[in-house]
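Just so we're on the same page, the numbering used here is the position in the sequence shown counted from 1, plus 69.
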Amino acid sequence: MLKGDFNQETVFSDSPAAMAAKWQEQGAEYLHLVDLDGALAGSSQNLAAIEEILKTVNIPTELGGGIRTMEQIDKLLNLGITRVILGSVAVKNPELVKEACAKYGERIVVGIDAKDGIVAVEGWGKSGNIGVIELAKEMKKAGVKTIIYTDISRDGTLSGVNVEATVKLAQESGVKIVASGGVKSLEDIKALKEKEAFGIEGVIAGKSIYMGTLDLPEAIKIAKS
70 MLKGDFNQET VFSDSPAAMA AKWQEQGAEY LHLVDLDGAL AGSSQNLAAI
120 EEILKTVNIP TELGGGIRTM EQIDKLLNLG ITRVILGSVA VKNPELVKEA
170 CAKYGERIVV GIDAKDGIVA VEGWGKSGNI GVIELAKEMK KAGVKTIIYT
220 DISRDGTLSG VNVEATVKLA QESGVKIVAS GGVKSLEDIK ALKEKEAFGI
270 EGVIAGKSIY MGTLDLPEAI KIAKS
């Protein structure tokens, strides 16, 4: 997808499980999964594919997209997902986030997707009418320990990660941040690695590894150095 536009999607493979196996073979230590159909529908839509991935790999997995009820959270974590990513529901029902954190601790992470500092919800189609830093602080109070921060304007563009905004969010919220959106090359990994001490926990690489602009084994080596 380009900049969160569902009309500009690129299909890289019709077998998610085979792709998952490929990244595991290349040394991936964590798999980031998004149920794009789920994000639009507001409920999990690709459970069969997700189960197939879980049977295929033995590395930790995280899943986001359309997870809006405790019943869904219970089901996915029982299925074998390592941690679930709550997105729109963090804006619309922060009490659920609090309840989920009390029950599952660090197996609950929040995904904050933003454009120009404002949070977007429902598959990025609507504004959540709240600022990124304000929401991150609320989530910290709810018990969230890790936030995945995506700069929508850079997502799928291979234009470089927004290091400055990511660091600012980590510093001002006091929550560990995983950077996402715009990752292109090893330079992005190095730039984020240099800021690790500010609270940058990791970085998600998507299009860059599919398009070959990022060498995954080398990126992992830098991240672990």
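Heads up, the beta-carbon is just placed ideally off N, CA and C, and yes, glycines get one too. Every value quoted in this text rests on a predicted model; they were computed, and no experiment measured them.
Q. Tell me the DSSP bridge mates of L204?
A. According to DSSP, which records beta bridges pairwise, L204 is partnered with nothing at all.
**Q.** Q114 versus G107 - alpha carbon distance
**A.** One C-alpha to the other measures close to 5 angstroms.
Q) Hey, how far is the Cα of G135 from the Cα of I187? A) Taking the straight line joining both Cα atoms gives about 20 angstroms.
Q: Check whether the stretch 234-241 touches the stretch 251-259, counting contact only when three or more Cβ pairs, one atom from each stretch, lie closer than 8 angstroms.
A: In short, these stretches do not touch, since the Cβ pair count stays below three.
Q.
Just to confirm before moving on: does the CB-CB distance between L204 and A159 stay below 8 angstroms?
A. A contact, by the Cβ cut-off of 8 angstroms.
(Q) Between which residues of its own chain and A171 is the CB-CB distance below 8 angstroms, once the five residues before and five after are set aside? (A) Excluding sequence neighbours, A171 sits near G212.
Q) Taking the alpha-carbon positions, what's the G271 to K259 distance? A) CA-to-CA, the gap between G271 and K259 works out to about 11 angstroms.
Q) Out of curiosity, what's the CA-to-CA distance linking E121 and E241? A) E241 has its alpha-carbon roughly 39 angstroms from the corresponding atom of E121.
Q) Excluding five sequence neighbours on each side, which residues of the same chain lie with their C-beta closer than 8 angstroms to the C-beta of E287? A) Excluding residues up to 5 positions away in sequence, L255 lie with their Cβ nearer than 8 angstroms to the Cβ of E287 in the same chain.
(Q) Taking the straight line between their C-alpha atoms, what separation do you get for G268 and M208? (A) One C-alpha to the other measures close to 16 angstroms.
**Q.** I273 versus Q93 - alpha carbon distance
**A.** Using only the alpha carbons, I get a separation of about 14 angstroms.
Q: Identify which residue in S112, V201, E98, A266 has its Cα closest to the Cα of N127.
A: From the listed residues S112, V201, E98, A266, the smallest Cα separation to N127 is found for E98.
(Q) Per DSSP, what are the beta-bridge partners of D220 in this structure? (A) According to DSSP, D220 bridges with A183.
**Q.** DSSP-derived helix/strand/coil call for I289
**A.** Under the three-state reduction of DSSP, I289 is assigned to helix.
Q: Give the range of the beta strand (DSSP E) segment to which S242 is assigned.
A: Not the beta strand (DSSP E): S242 falls in the alpha helix (DSSP H), residues 232-242.
**Q.** Length of the line joining the Cα atoms of L165 and E265
**A.** Cα atoms of L165 and E265: separation of roughly 30 angstroms, rounded to the nearest angstrom.
Q) Span of the beta strand (DSSP E) holding L102? A) 100-103 is the extent of the beta strand (DSSP E) around L102.
**Q.** Cβ-based burial, S157 [other Cβ within 10 Å; buried from 16]
**A.** Result: buried.
**Q.** Cut-off 7 angstroms between Cβ atoms - residues of its own chain near G96, not counting five sequence neighbours on either side
**A.** By the criterion of a C-beta distance shorter than 7 angstroms, G96 is surrounded in its chain by L285, P286, I289, once the five residues flanking it on both sides are discounted.
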